[in-house]
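Q: Have a look at the structure that comes next, please.
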Amino acid sequence: MSRLSKIQLIALFGVLLFTSCRKKPKYPDTPVISFKSFQVYQNGEGARLTIEFTDGNGDIGLKQSDTLAPYSSGSKYYYNLYLEYYEQVNGEMKKIDLMIPFYYRTPYIEQEGKDKSMKGELAVDIVPYYYDFSSPRDTFEYSIQIVDRALNESNVVYTGKILKP
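Per our numbering, the sequence shown starts with residue -6, numbered consecutively.
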């Protein structure tokens, strides 16, 4: 083996060793979210909301079988992603209570291995996405919050102001 290929082999081994020994970042057990994007579909009939999240114990999402307490139907925790609707009134965003809330059950994300902490993105299709077309106000936004399986509630983030189409 030539001197150069031995050096390359040692360097490759060193890189592999370094990256395999690197510890995953430690995140708090309570989910932390940040807003990434809100994209209205071309046909205007829906939108995709994307958030980024971290969770230290990796218990994001619900299984289809999660229907017993505390995840039972009618319970606050039947859903794990909550959107609230706001409209701009006299320059300030005001929460508007809707007859049908925008709450979602996001799928369980299975983590393997000993370290369950995770970082990722969560995208939700909002079909149809809501804005009050009869309202004279032209600006709205959503607030977003998630809850993990241990019932830890994340911080609340906002989409930012969105103009009605």
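Built from N, CA and C at the ideal position, the CB exists for glycine as well.
Between P121 and the rest of its own chain, which residues show a CB-CB distance below 7 Å, the 5 nearest in sequence each way excluded?
A: Closer than 7 Å at the Cβ level, and outside the excluded window around P121, lie E38 and G39.
Q: With a threshold of 7 Å on Cβ separation, who are the neighbours of Y101 within its own chain once the five nearest residues in sequence on each side are excluded?
A: The residues are G54, L55 and K56.
Q: In whole angstroms, give me the CA-to-CA distance for Y62 and S136.
A: Contrary to the premise, residue 62 reads as Ala rather than Tyr in this sequence. If you take the alpha carbons of A62 and S136, they lie about 26 Å apart.
Q: What residues match up with I139 in a beta bridge as DSSP calls it?
A: Note: I139 sits in a beta bridge opposite L74.
Q: From which residue to which residue does the beta strand (DSSP E) around K29 run?
A: Note, K29: beta strand (DSSP E), V25 to V33.
Q: Could you have a look at K19 and say whether DSSP puts it in helix, strand or coil?
A: Coil.
Q: Can you tell me which of the three DSSP states K69 falls into?
A: Helix, per DSSP.
Q: Give me, in chain order, the residues of the same chain whose beta-carbon lies closer than 7 Å to that of P21; leave out the 5 immediate sequence neighbours on both sides.
A: Around P21: G49.
Q: Just how far apart, CA to CA, sit D131 and K87?
A: Taking the straight line from one Cα to the other gives about 13 Å.
Q: Assign V82 to one of two classes, buried (16 or more other C-beta atoms within 10 Å of its C-beta) or exposed (fewer than that).
A: Counting Cβ neighbours within 10 Å, V82 comes out exposed, since fewer than 16 surround it.
Q: Could you tell me which of S128, Y96 and G153 sits nearest to Q138, measuring between CA atoms?
A: It is Y96 whose Cα lies nearest to the Cα of Q138.
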